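Chemist: Structure incoming, see below.
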Amino acid sequence: MKLIKKLHLVILCLAFSIHISNAQILEKHVTMQFKNITLDEAIKKMKTTYGVNFTYSPDQINLNQKVSLNVKSVSLGHALNELFIPTTITYKSVGNQIVLKKGKLPSRVSTSGIQSISAKPVIKSDTTTKKVAIKDTMKNELTLQAKPLEIKSTDSLQATKELDQSYTKEMSDLNESYLHKKDSISTVAFSNKMKLKQSLKQAKNTLVREYNQLKDSIMYSKKFKNKTIDTTAALSDDDLLIHDNFQFTGIYPLGTHLTTSGLYRNDFSLNLLVGYNGAVSAFEFGGIGNIVRKEMQGFQFAGVVNTVGGYVRGTQVAGIVNICNQEVIGGQVSGILNIANGATSGGQIAGVVNVGTEQMDGVQISGVVNEHNGIINGGQIGLINHAHKVKGFQLGFINISDTIQGIPIGLLSISKNGYGRIETYYSETTQGNLLIKTGVKSFYNIFQFGGNFNSDSYRWTFGYGLGSTIHMSKRSTLSFDVLAMHVNENEAFTSKLNEQGQLRIMLGVNLSKRVSLFAGPTFNTMFSQYKNEDATIGSQMIPQKSVVYEQTIKDSDGKNIYNPYWIGFNAGLRF
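Residues -23 to -1, 1 to 552, numbered by mature numbering (1 follows the signal peptide of the UniProt record, and there is no 0), are exactly what the sequence shown covers, in order.
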């Protein structure tokens, strides 16, 4: 008899524990946001995020039907009720399982967790209808709704600007509408004002959510390039994140959201060492590194590295490396390397290397190398600059581009579709000369080589200069060149001061498409400490009959420097 009583007690305890377990799983608080995704994707999302296990028969449940859900901090039971309202699915919790079954009609949900059927129409009296009308009017006065945001441009950068403008306008309209309704007669009661305030909050949240989703659709999908942006298209499950105000992480996954950090869009993220986010909307700090799966908006700082899988709208600052896999609207500042794999509007500043792709509206500044495989509307400043197409300037030791509409300033500037010329010519000082010009017509670099070889002596020169060419007519040009040359006399290299400066003004006439004849005057000066065999100072190559002025000056050590000025002449062929 005692054994039977104990057995009954055990059975009652088991039943009670099962009931408690069932209640616990349905009371678990969840936050879910998705729209027009398959039921299969929704189930996987709930299982991944909250560890909810579902049991069902594929023959009874259509996993391909589209479902939507937008709930925050509600019980799992409430969320499932909302999810299955437009479907014929019923559910029941058994242990830690949610069993799905096929029902008969879409229905409202009972509090027991199993969907009940209610298909009878409700017949309302005239009095009821009037009450409902009054109630609806009051509801409209206490309800604020955000209008859909508008985007017309097909260019990602322009579309982003339009989205920002539309967002700002709609947010302003919401605030104005709130203030107007707040002062109306119908909202004098405190409870009504609270309802109106809550409606404003919900409308703003809806607007923010739509803004972020549209931003994703612009920045994430390359298919929008050269096509009309479909702002009504359904976003995939991966594009939707759970909003939270703050996240703290020691080192991932030891943080506020543990292993689900990648599913959250946080306004603020503080990471002691390394943190991981789905997205950041305002500010992020990381002692070592910050990793963001999607977009970063605002300011991001890391002691070592920032990496963003989506776009950046704001500023990245890192001790070593910044990486953005898509567009940067703002800037990147790092001690060593910046990488932007999408369009950039702003700037990149790095101690060593900047790398960019697609279009850049701004400036790259680096201590060593700037590399850009797209179009730059702005400039590059570094020792070595390379870009596919430049509309602006390049300032560096070496500048390389395929096409440039602007000015490259440097020791060597090479443009595939720029200005490249070779000149062979005669001058009164060195009878054989070669000039290499490279850059653009408005501003090019010049490399000079020349020589005289006689039976009793020889001289050769090398130099560097800058120049510019303008078109006088279809077949004629006028070029202005400034050269500095070192003169070597009767030896491989003359170590003493022996420098010539020259201004060339050359008129060119095209003989054919690739060959032109040029000639013109030169204005020359020289600074020489070269000693001749007769102990006189000054180069023997100077044509004394052409000298218009000469003087002897002294250097800081009191040594004499011969400084003549003369007018010369150049003539030759340009290829």
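All C-beta atoms in this analysis are idealised placements derived from N, C-alpha and C, irrespective of residue type, glycine included.
Please read these numbers as outputs of a predicted model, since none were measured by experiment.
Look up M148 in the DSSP assignment and give the residues it is bridged to.
Modeler: None; M148 has no bridge partner.
Chemist: So the candidates are N39, N30, F61, L46; which of them puts its Cα closest to the Cα of S70?
Modeler: The shortest C-alpha separation from S70 is found at N30.
Chemist: Helix, strand or coil for H157, going by three-state DSSP, please let me know.
Modeler: Residue state, collapsed to three classes: helix.
Chemist: Taking the straight line between their C-alpha atoms, what separation do you get for G387 and Q371?
Modeler: Each residue's alpha carbon lies about 8 Å from the other.
Chemist: Only counting the same chain, and skipping five residues up and downstream in sequence, which positions put a Cβ closer than 7 Å to that of P83?
Modeler: Summary for P83: the model assigns pLDDT 43, below 50, so the residue's position carries little reliability, and this model does not support an answer.
Chemist: Roughly how many angstroms separate the alpha carbons of V285 and G252, rounded to a whole number?
Modeler: Distance between the alpha carbons of V285 and G252: 12 Å.
Chemist: Would you list the residues sitting across from G275 in a DSSP beta bridge?
Modeler: Its beta-bridge partners are G291.
Chemist: Comparing alpha-carbon positions, which option in L480, S445, F439 lies nearest N465?
Modeler: For the residues L480, S445, F439, the minimum Cα distance to N465 belongs to F439.
Chemist: Where do the N-terminal and C-terminal ends of the beta strand (DSSP E) with D17 fall, by residue?
Modeler: Segment 16 to 27 is the alpha helix (DSSP H) holding D17; no beta strand (DSSP E) there.
Chemist: Is it right to say K490 is buried, meaning 16 or more other beta carbons lie within 10 angstroms of its own, or is it exposed?
Modeler: It is exposed - the Cβ of K490 has fewer than 16 other Cβ atoms within 10 Å.
Chemist: Taking DSSP's pairing of strands, which residues face T401 in a bridge?
Modeler: L411, L550.
Chemist: In three-state terms, what does DSSP make of S(-3)?
Modeler: Its pLDDT being 46, under 50, S(-3) is placed unreliably in this model, and the value from its coordinates should be taken loosely. Three-state DSSP puts S(-3) in a helix.
Chemist: Could you spell out the range, first to last residue, of the alpha helix (DSSP H) harbouring F470?
Modeler: Careful: F470 lies outside any alpha helix (DSSP H) and carries neither H nor E.
Chemist: Could you tell me if N350 is buried or exposed, where buried requires 16 or more neighbouring beta carbons within 10 angstroms of its beta carbon?
Modeler: With fewer than 16 Cβ atoms within 10 Å of its Cβ, N350 is classed as exposed.
Chemist: Determine the direct distance from the alpha carbon of L119 to that of K172, and round the result to whole angstroms.
Modeler: Straight-line Cα distance between these residues: approximately 6 Å.
Chemist: Kindly list the residues whose CB is nearer than 6 Å to the CB of D17, restricted to its own chain and excluding five residues on each side of it in sequence; keep chain order.
Modeler: Counting only Cβ-Cβ distances below 6 Å, and skipping sequence neighbours, we find L40.
Chemist: Taking the C-alpha atoms as reference points, what is the distance between L77 and L218?
Modeler: Using only the alpha carbons, I get a separation of about 26 Å.
Chemist: Pairs of beta-carbons, one from the region 443 to 462 and one from the region 505 to 518, closer than 8 Å: are there three or more?
Modeler: In short, these stretches do not touch, since the Cβ pair count stays below three.
Chemist: Is R481 helix, strand or coil when you go by DSSP?
Modeler: DSSP places R481 in strand when its eight states are reduced to three.
Chemist: Take the Cβ of A512 as the centre, count every other Cβ of all protein chains shown within 10 Å, and call the residue buried at 16 or more, exposed below.
Modeler: Exposed is the call here.
Chemist: Considering Cα atoms alone, identify which of L140, G275, G266, V340 is closest to R242.
Modeler: Nearest option by C-alpha distance: G275.
Chemist: Under the three-state reduction of DSSP, which class applies to N540: helix, strand or coil?
Modeler: It is a strand residue.
Chemist: Kindly list the residues whose CB is nearer than 8 Å to the CB of T6, restricted to its own chain and excluding five residues on each side of it in sequence; keep chain order.
Modeler: Note on identity: in this sequence residue 6 is His, with Thr being the wrong assignment. Once the five neighbours on either side are set aside, the close Cβ partners of H6 are S50, V51, S52, L53.
Chemist: Using CA coordinates, which residue listed in V44, K508, F500 is at the minimum distance from S404?
Modeler: Ranking the options by Cα distance to S404, first place goes to F500.
Chemist: What is the DSSP secondary structure of Q521, reduced to helix, strand or coil?
Modeler: Of the three classes helix, strand and coil, the one that applies to Q521 here is helix, per DSSP.
Chemist: Does DSSP classify T183 as helix, strand or coil?
Modeler: It is helical.
Chemist: Can you name the residues that DSSP bridges to Q341?
Modeler: Answer is Q325, Q357.
Chemist: Are the region 127 to 141 and the region 174 to 181 touching by the rule of at least three beta carbon pairs closer than 8 Å?
Modeler: The region 127 to 141 is not in contact with the region 174 to 181.
Chemist: Among N283, I361, H234, which residue has its Cα nearest to the Cα of F223?
Modeler: Comparing Cα-Cα distances from F223 to each of N283, I361, H234, the minimum goes to H234.
Chemist: So, do the region 374 to 384 and the region 326 to 344 have three or more beta carbon pairs nearer to each other than 8 Å?
Modeler: Short answer: they don't touch.
Chemist: Could you tell me whether the Cβ atoms of A317 and Q336 are closer together than 7 Å?
Modeler: Not a contact, by the Cβ cut-off of 7 Å.
Chemist: Which residue wins for smallest C-alpha separation from L231, given the options L249, F245, L240, D221?
Modeler: Looking at the Cα atoms, L249 is the closest of the given residues.
Chemist: Could you tell me the alpha carbon to alpha carbon distance between Y507 and S434, rounded to whole angstroms?
Modeler: Between Y507 and S434, the C-alpha separation is close to 15 Å.
Chemist: Kindly indicate the opening and closing residues of the beta strand (DSSP E) around L474.
Modeler: From DSSP, L474 is part of no beta strand (DSSP E); its letter is neither H nor E.
Chemist: Since A256 sits in a beta bridge, which residues does DSSP pair it with?
Modeler: Its beta-bridge partners are R242.
Chemist: State the Cα-Cα distance for the pair D244 and K124, rounded to the nearest angstrom.
Modeler: Rounded to the nearest angstrom, the two C-alpha atoms are 24 Å apart.
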